[in-house]
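Presented below is the structure to which this report refers.
Number of protein chains: 2
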Amino acid sequence: MSTKERSGCPISLSLELIGDRWTLLIIRDLAFAGKRHFRELLQSDEGISSRTLAERLQTLVDEGVLTRSDDPTHRLKAIYRLTEAGIDLLPILATLGAWGSKYRKADKDLARVAKELAAGGEPALERMKKSLSKEHLG
Amino acid sequence: MSTKERSGCPISLSLELIGDRWTLLIIRDLAFAGKRHFRELLQSDEGISSRTLAERLQTLVDEGVLTRSDDPTHRLKAIYRLTEAGIDLLPILATLGAWGSKYRKADKDLARVAKELAAGGEPALERMKKSLSKEHLG
DNA sequence: GAAATTGGTTCCGTTTTAAAAGCAATTTAC
DNA sequence: GTAAATTGCTTTTAAAACGGAACCAATTTC
Numbered sequence: 004m005s006t007k008e009r010s011g012c013p014i015s016l017s018l019e020l021i022g023d024r025w026t027l028l029i030i031r032d033l034a035f036a037g038k039r040h041f042r043e044l045l046q047s048d049e050g051i052s053s054r055t056l057a058e059r060l061q062t063l064v065d066e067g068v069l070t071r072s073d074d075p076t077h078r079l080k081a082i083y084r085l086t087e088a089g090i091d092l093l094p095i096l097a098t099l100g101a102w103g104s105k106y107r108k109a110d111k112d113l114a115r116v117a118k119e120l121a122a123g124g125e126p127a128l129e130r131m132k133k134s135l136s137k138e139h140l141g
Numbered sequence: 004m005s006t007k008e009r010s011g012c013p014i015s016l017s018l019e020l021i022g023d024r025w026t027l028l029i030i031r032d033l034a035f036a037g038k039r040h041f042r043e044l045l046q047s048d049e050g051i052s053s054r055t056l057a058e059r060l061q062t063l064v065d066e067g068v069l070t071r072s073d074d075p076t077h078r079l080k081a082i083y084r085l086t087e088a089g090i091d092l093l094p095i096l097a098t099l100g101a102w103g104s105k106y107r108k109a110d111k112d113l114a115r116v117a118k119e120l121a122a123g124g125e126p127a128l129e130r131m132k133k134s135l136s137k138e139h140l141g
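Keeping their order, the protein sequence lines are chains A and B.
Positions 4 to 141 (this note's numbering) are the ones given, in order, by the first sequence.
Positions 4 to 141 (this note's numbering) are the ones given, in order, by the second sequence.
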């Protein structure tokens, strides 16, 4: 993930940060699966390597999409949370999920969930954003 | 771009195909810039290499997101067009554009365009989809 | 006190990517 | 009619990204 920007196009700038095979899966697990710790995020079905996970988390923190804080109940644990910018990635996850449900061979149950979120339109997204704000921003 | 699927998650499946730094920029240029030919697509501000462009176009055709056809007016030219699946990527482009406009240092004018499309909501997207259908599906 | 758990780091081999040059077929300019 | 330009790629070479496995010190659990 290089840092040199290629153009001022908003789509391009987004892709420079989240345009890869892993970043949005990390966000997905923070948003939908309630994961907060490194070892939890390591356990995704897709099997991210610890090296890649560590690097992505670092960049996401640096770029203001996540925060990293100490777990008060366990000194070795770090807590990763979404920032407002991270929560605002939700519409992207939703549209990706809707497209994948429609055009790829997706798991039935997960496809249904994705379609429901998409069918709910902006109101459903706003509700979920608010819920995420409570969980992640406190 | 490996072909082995990592999970049945719709988001993950979408990212396997379009989760990289280039694919959605190609779609963007087909959808917003009216580009149709290889050399036109090569001229993006971001400077994709001809090797990467060729490989991406091939997979997108294979996966049913684009079509490739001969240009009747010029034997050396090929015409790339969006399929229905390609046109349905528009909401993803729109949300990516909106996020980039809000959280990255985007060009002012392009940010305005992106925000307008997002502000128009689903009706604006549907209108643009119909317009793209006319242009690409004929 | 030994074993397990924590968030990573290090190493190494493979895959992906960028940059540049090249190419045969065709079209355009003169 | 011929030389130059244009077409969609392919080839080559080198650099960067990535995956897998092992490893680590600090801490927590048993």
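Don't be surprised by glycine CBs; every beta carbon is placed ideally from N, CA and C.
Pick from the options that is closest to residue i, judged by C-alpha positions
| i | options | result |
| --- | --- | --- |
| Gly22 of chain B | B:Arg54, B:Ala121, B:Thr62 | B:Thr62 |
| Lys133 of chain B | B:Glu87, B:Ile95, B:Gly124 | B:Glu87 |
| Arg2 of chain A | A:His40, A:Gly124, A:Glu119, A:Glu125 | This structure gives no information on residue 2 of chain A, because the portion of chain A shown stretches from 4 to 141. |
| Thr70 of chain A | A:Ile82, A:Ser53, A:Arg59 | A:Ile82 |
| Glu49 of chain B | B:Arg24, B:Arg59, B:Ser72 | B:Arg24 |
| Ala127 of chain B | B:Lys108, B:Asp112, B:Thr98 | B:Thr98 |
| Pro94 of chain B | B:Ser52, B:Asp112, B:Gly141, B:Leu135 | B:Leu135 |
| Ala36 of chain A | A:Val68, A:Leu113, A:Gly141 | A:Leu113 |
| Lys80 of chain B | B:Arg42, B:Gly123, B:Lys137 | B:Arg42 |
| Val68 of chain A | B:Lys105, B:Val68, B:Asp73, B:Ala57 | B:Lys105 |
Test item: CB-CB of residue i and residue j under 7 Å
| i | j | result |
| --- | --- | --- |
| Gly103 of chain A | Ser17 of chain B | yes |
| Arg100 of chain A | Pro75 of chain B | Inspection of the sequence shows that residue 100 of chain A is occupied by Gly rather than by Arg. No, the pair does not count as a contact, with Cβ atoms beyond the cut-off. |
| Ala109 of chain B | Gly11 of chain A | yes |
Other residues of its chain near residue i: CB distance less than 7 Å, five sequence neighbours each side excluded
| i | result |
| --- | --- |
| Asp32 of chain B | Lys38, Leu44, Ser47 |
| Leu96 of chain A | Leu27, Ile30, Arg31, Ala34 |
| Glu66 of chain A | Leu20 |
| Arg59 of chain B | Trp25, Thr26, Ile29 |
| Ser53 of chain B | Leu45 |
| Met131 of chain A | Leu93 |
| Thr55 of chain B | Trp25 |
Any non-hydrogen atom of the ligand ADP closer than 6 Å to residue i Cβ
| i | result |
| --- | --- |
| Ser15 of chain A | With respect to the ligand ADP, the structure shown offers nothing to examine, as it has no ligands at all. |
8 Å Cβ shell around residue i - same chain, five flanking residues per side excluded
| i | result |
| --- | --- |
| His139 of chain A | Leu33, Arg84, Leu85, Thr86, Gly89, Ile90 |
| Arg9 of chain A | Ser15, Glu19 |
| Leu120 of chain A | Ala97, Gly100, Ala101, Ala127, Leu128, Met131 |
Sequence-distant residues of its chain with Cβ nearer than 6 Å to residue i (five each side left out)
| i | result |
| --- | --- |
| Ser5 of chain A | Unreliable placement is indicated for Ser5 of chain A, whose pLDDT of 43 sits below 50; no coordinate value is reported for it. |
| Ile51 of chain B | Trp25 |
| Val64 of chain A | Arg71 |
Sequence ranges, beta strand (DSSP E) only - wholly within the stretch 25 to 95 of chain A, length at least 3: 69 to 73, 81 to 85
Contact residues within the stretch 51 to 63 of chain A, judged by C-beta distance below 9 Å to chain B: none
Selection of the stretch 118 to 129 of chain A by Cβ proximity to chain B, strictly under 8 Å: Gly124, Glu125
Residues from the stretch 76 to 103 of chain B in contact with chain A, defined by Cβ distance under 7 Å: Ala88, Asp91, Leu92, Pro94, Ile95, Leu96, Thr98, Leu99, Gly100, Trp102, Gly103
Near-chain B residues of the stretch 9 to 23 of chain A (beta-carbon distance less than 9 Å), N- to C-terminal order: Arg9, Ser10, Gly11, Cys12, Pro13, Ile14, Ser15, Leu16, Ser17, Leu18, Glu19, Leu20, Ile21, Gly22, Asp23
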